[in-house]
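See below for the structure under consideration.
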Amino acid sequence: MARIFSDGFELGIIGEGWINNDTSRVYVSNVIKISGNYSLRLENTSSASISCYLPSLNEIYYSGRYYFVENVMHNIINFKYNSTQLGMICINNTTERKIGYYPGTSSTASALSTSSFPIGNYYHVEAYIKIDDSNGRIVVKVNGVTEIDYTGDTKPGADTAINLIKFGYDFTGSKKGDSGYYIDDIIFDNSTWIGNVKIYPVRIGSIGYYDGTAYFEAVGNSDILSCINEVPPNYNDYIISDTTGAKVSFKLLQSNLDNLSNTSSIKSLNLKTVCNNTGNSTKKLKLFIRKNNNDYKSSELNVPLEYPNIISYNFEKDPSNSQNWEMSDIYDIDVGIEVV
Ligand SMILES: [Ca+2]
Ligand SMILES: [Ca+2]
Numbered sequence: 316m317a318r319i320f321s322d323g324f325e326l327g328i329i330g331e332g333w334i335n336n337d338t339s340r341v342y343v344s345n346v347i348k349i350s351g352n353y354s355l356r357l358e359n360t361s362s363a364s365i366s367c368y369l370p371s372l373n374e375i376y377y378s379g380r381y382y383f384v385e386n387v388m389h390n391i392i393n394f395k396y397n398s399t400q401l402g403m404i405c406i407n408n409t410t411e412r413k414i415g416y417y418p419g420t421s422s423t424a425s426a427l428s429t430s431s432f433p434i435g436n437y438y439h440v441e442a443y444i445k446i447d448d449s450n451g452r453i454v455v456k457v458n459g460v461t462e463i464d465y466t467g468d469t470k471p472g473a474d475t476a477i478n479l480i481k482f483g484y485d486f487t488g489s490k491k492g493d494s495g496y497y498i499d500d501i502i503f504d505n506s507t508w509i510g511n512v513k514i515y516p517v518r519i520g521s522i523g524y525y526d527g528t529a530y531f532e533a534v535g536n537s538d539i540l541s542c543i544n545e546v547p548p549n550y551n552d553y554i555i556s557d558t559t560g561a562k563v564s565f566k567l568l569q570s571n572l573d574n575l576s577n578t579s580s581i582k583s584l585n586l587k588t589v590c591n592n593t594g595n596s597t598k599k600l601k602l603f604i605r606k607n608n609n610d611y612k613s614s615e616l617n618v619p620l621e622y623p624n625i626i627s628y629n630f631e632k633d634p635s636n637s638q639n640w641e642m643s644d645i646y647d648i649d650v651g652i653e654v655v
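Read in order, the letters of the sequence shown correspond to residues 316 to 655 in our numbering.
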C-alpha cells in the first residue's frame, strides 16, 4: 500500500511513464516553478495533453499542484479505463471558475466546489476517487479545504477500475477540459491521502564508492561525475558499461541537502536516472542506497531502448531499518547504480 506514481519533473525532462501528445506544446519548464526548479507546462491549445497508465485501481488518491494561466475550463484530472472515460474533474466555466466533477462523458456536473479558482494563483489539489454504482465517492480538496464530497454513482459503464490518467485538453464526452496551465508534484497513492507534500530535487555532488574492477567508462568527458551530474541532462557526455556488477555510488549535493533543512519530514526517497539501452538485448540496472557500507538495492529495472528515458525506484522507508525516513538519514547515504 503505497505510492504508485510520482513526478516533480526535477530532471528537467519528461520521461518515464508519460505519453506526451504534443512535445512542442507540453514540456518541462522553469518559468513557473511551482515546487523545486521545474514544472510541466501545458500550453493553451487543443493538442496539449499528456497521459500516464497506472495499475488498475478501483480507488485512488491523487495530489497535484497547479498554476492556471489562461482563463479556460482547465482539466484538473481526467480518469479513464483505457479509452473509456470514467469521469473528469474540471473548471466548470470561465465566469464562475468552480471545480466540477463530471461523471462519464457528461457535461452536467454531479458536484461543484464552494469556492472559485481564478487564474494566476497556485493551488494544491487533492482528490479521492472511488468507482462504484451507488457507493462511489469523489472528494476534492484545494489547499487542504474540502470543496467537493460526492457519494453516489461514479461508474458510468461496466468498468470498475481506473488505469489511465490524462491532464490537459480532453473532449471525449460533451464537457470540454482545457489545458492552459502549469502542473507539478503529481503523486498517486493507493491507500492514503497524500497531504501537503512537495517533491524536492537532490542532485549528486561527488563520487562515493567506485569499484574499479567492475567499471563504467566515461564518454565525452574525462570523469564520471561530470558526465552525469547535469540537470537537465547533457546527452553528449555519459557513462557506459556492459559489465555485470559494475557499480558506482555518489554522495548527495550538500547545497541541495541544505535546502531541505526547513522541511518538517521526508515521506519517501525516489531515485531517478536518465538512461538508455544502446544494444539489442535486455539490459537491467539496480538503483541503490548505500549506508554504512551496506547497499540496499531496488528490484531489477529494465533499461529502456527509447532515448532518452528515465528509470526510477521509490524507497518509502529507510531500507537500513525499515523505519520512516528521518531528516538526518539522508545526510548519511550515497545513491548508486549497479549493472545486473
Ligand atoms: Ca517540480
Ligand atoms: Ca551527461
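Just so you know, even glycine gets a beta-carbon here, dropped at the ideal spot from N, CA and C.
Test item: CB-CB of residue i and residue j under 8 Å
i	j	result
Tyr-497	Ser-398	no
Gly-656	Ala-529	Outside the displayed span of the chain (316 to 655) sits residue 656, for which this structure offers no information.
Ser-627	Ile-502	no
Asp-474	Leu-372	no
Val-454	Tyr-438	no
Gly-651	Lys-587	no
Ala-476	Ile-446	yes
Ser-583	Asn-629	yes
Glu-462	Ser-428	yes
Lys-598	Ser-613	no
Ile-328	Pro-547	yes
Gly-488	Ser-421	yes
Ser-378	Glu-441	yes
Thr-507	Tyr-376	yes
Glu-380	Asp-499	With the sequence shown as reference, residue 380 is identified as Arg, and Glu is not the correct amino acid for it. A contact, by the Cβ cut-off of 8 Å.
Asn-608	Ser-635	no
Asn-478	Thr-466	no
Ile-645	Ile-581	yes
Ser-366	Gly-323	no
Residue nearest to residue i in terms of C-alpha spacing, selected from the options
i	options	result
Pro-619	Gly-594, Ile-522, Gly-510	Gly-594
Ser-564	Ile-522, Asn-591, Asp-464, Leu-600	Ile-522
Ser-364	Ile-509, Asp-493, Leu-567, Val-512	Asp-493
Thr-556	Ser-570, Glu-545, Ile-539	The displayed chain sequence assigns Ser, not Thr, to residue 556. If we check each option's Cα against that of Ser-556, Ile-539 comes out closest.
Met-642	Asn-591, Gly-472, Tyr-550, Asp-573	Asp-573
Glu-545	Tyr-524, Leu-568, Gly-527	Leu-568
Val-341	Ser-596, Arg-356, Asn-352, Asn-571	Arg-356
Val-457	Glu-358, Asn-436, Tyr-611	Asn-436
Ile-347	Thr-338, Arg-605, Glu-358	Glu-358
Cβ neighbour criterion (16 or more within 10 Å) applied to residue i
i	result
Met-403	buried
Glu-325	buried
Pro-370	exposed
Tyr-553	buried
Ala-317	exposed
Phe-486	exposed
Thr-469	buried
Lys-490	buried
Ile-334	exposed
Val-343	buried
Glu-532	exposed
Val-534	exposed
Val-512	buried
Beta-carbon separation (whole angstroms), residue i vs residue j, contact threshold 8 Å
i	j	result
Lys-385	Gly-495	In the sequence under discussion, the amino acid at residue 385 is Glu, which differs from the Lys named in the question. Indeed they touch by this definition, with Cβ atoms about 4 Å apart.
Asn-336	Ser-361	Not really, about 10 Å apart at Cβ, beyond 8 Å.
Ile-414	Met-388	At roughly 10 Å, the Cβ-Cβ gap does not stay under 8 Å, so Ile-414 and Met-388 are not in contact.
Trp-640	Asp-649	Not a contact, Cβ separation roughly 15 Å.
Glu-615	Val-655	6 Å
Ile-519	Ile-392	Incorrect: roughly 33 Å between the Cβ atoms, too far for contact.
Pro-623	Tyr-550	6 Å
Residue i CB to nearest heavy atom of ligand 3 below 7 Å
i	result
Gly-435	Among the ligands present in this structure, namely ligand 1 and ligand 2, ligand 3 is not found.
message = Please enumerate, following chain order, all residues with a beta carbon closer than 6 Å to at least one heavy atom belonging to ligand 2.
response = Counting only beta-carbon distances shorter than 6 Å to the non-hydrogen atoms of ligand 2, the qualifying residues in chain order are Cys-542, Ile-543, Glu-545, Pro-548, Asn-549, Asp-552, Tyr-553.
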